[in-house]
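Notes to accompany the following structure.
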Amino acid sequence: MATQSNQSEIANALRVGERHLSRRDPFLRGVIRRNGPCALRPHRGYYEILVRAIISQQLSGKAAETIINRFRAVYGPNGFPRPDRILATPDAVLRATGMSNGKVTFVKDLAARLQDGSLKLNRLSRMGDDEIVAMLTEVKGIGVWTAHMFLMFSLCRLDVLPVGDLGIRNAFQRHYGLSGTPTAAQMESVAERNGWRPYRTIASWYLWRALEDESLKTK
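Residue numbering for the sequence shown follows the working numbering, starting at 20 and increasing by one per position.
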């Protein structure tokens with residue numbers, strides 16, 4: 020868990036970001052007004068979060084949680100399994116939880132990197148966003164989208180634009196007049212033109228809310 024002082028600093032930064040975006044972007048101003056404060060919060064337990072992210076790829080929330088529960092049950096009730104325990108588990112046992120061959124390989128690659136020290140999650144707070152993306156995407160099965168989600172929802176980094184997210188692409192197309200599926204360059208250009216830096220994470224969070232807003236679906 021983040022410390023109370025950390026949580027307070029992040030909450031203050033979110034409020035500053037909301038005011039910044041409201042001044043710069045008329046569309047987001049309305050979304051912010053309708054949806055209230057941004058609810059992003061940092062989450063620790065980075066190792067477990069990354070394992071869960073790998074297992075959950077291309078699955079519904081319910082299906083992913085079922086497999087994660089089976090995975091945890093393999094190791095008993097004593098918390099999330101350490102990397103060495105995962106590495107010692109036969110692939111067939113992991114596949115029996117519902118994980119694909121690929122995901123078994125990916126989870127074990129993550130565990131191996133943590134075990135041998137080539138991936139050091141305790142350094143994340145001292146690393147820049149691009150450094151973190153580069154480090155995480157060296158792990159098999161972790162791509163840029165997963166790294167962006169980790170930056171946003173685990174580390175609460177405030178200036179991430181997840182250009183590979185389908186929902187964000189749809190929001191750009193629907194609300195910023197882009198024809199066809201927007202490219203990363205087009206999305207970055209819109210963000211710059213509307214003055215989102217250094218709060219592109221917050222802007223993205225509100226774009227996800229806009230996609231859920233019934234009053235905006237016909238616009």
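Ideal Cβ placement from N, Cα and C applies to all residues, glycine included.
Taking one C-beta from the segment 106-122 and one from the segment 38-53 each time, how about it: are there three or more such pairs within less than 8 Å? Judged by Cβ distances under 8 Å, the segment 106-122 makes no contact with the segment 38-53, as fewer than three pairs qualify.
Among residues of its own chain, excluding the 5 on either side of PRO217, which ones have a beta-carbon nearer than 6 Å to its beta-carbon? Reading the sequence shown from its first residue, position 198 is the one you call residue 217. ASP178.
Looking at PRO56: is its Cβ nearer than 8 Å to the Cβ of GLU37? As a position in the sequence shown, residue 56 is number 37, starting the count at 1. As a position in the sequence shown, residue 37 is number 18, starting the count at 1. In contact: PRO56 and GLU37 (Cβ atoms closer than 8 Å).
Alpha-carbon spacing of TYR94 relative to ASN25, whole angstroms: For this step, residue 94 is matched to residue 75 along the sequence shown. For this step, residue 25 is matched to residue 6 along the sequence shown. Taking the straight line from one Cα to the other gives about 33 Å.
When we look at the beta-carbon of LYS122 and count the other beta-carbons within 10 Å, is it buried (16 or more) or exposed? Reading the sequence shown from its first residue, position 103 is the one you call residue 122. With 16 or more other CB atoms across the displayed protein chains lying within 10 angstroms of its CB, LYS122 is buried.
Note down the Cα distance separating PHE169 from SER144, rounded to an integer number of angstroms. What you label residue 169 is simply residue 150 of the sequence shown in a count that begins at 1. What you label residue 144 is simply residue 125 of the sequence shown in a count that begins at 1. Rounded to whole angstroms, PHE169 to SER144 spans 13 Å at the Cα level.
Could you have a look at VAL123 and say whether DSSP puts it in helix, strand or coil? Start at 1 with the first residue of the sequence shown, and residue 123 comes out as number 104. In the structure shown, VAL123 sits in a helix (DSSP, three-state: H, G or I).
Where does the unbroken alpha helix (DSSP H) through ASN54 begin, and where does it stop? By 1-based counting over the sequence shown, the position of residue 54 is 35. Residues 45-54.
Starting from the Cα of HIS39, find the closest Cα among GLY214, ALA166, GLY199 and GLY196 and give me that residue. For the purposes of this step, residue 39 is taken as the residue at position 20 of the sequence shown. Checking every option, the nearest Cα to that of HIS39 belongs to GLY214.
At what residues does the alpha helix (DSSP H) containing GLU207 begin and finish? As a first step, residue 207 must be located in the sequence shown, where it is residue number 188. Counted as a single uninterrupted DSSP element, the alpha helix (DSSP H) harbouring GLU207 occupies residues 203-212.
Taking contact to mean at least 3 C-beta pairs separated by less than 8 Å, is the segment 193-208 in contact with the segment 151-162? Result no; under three Cβ-Cβ pairs closer than 8 Å.
Thinking C-alpha only, which one of GLY80, VAL70 and SER79 is nearest MET90? Locating residue 90 in the sequence shown gives position 71, where the first residue counts as 1. In the sequence on display, residue 90 carries Phe and not Met. With respect to the C-alpha of PHE90, the residue from GLY80, VAL70 and SER79 having the closest C-alpha is VAL70.
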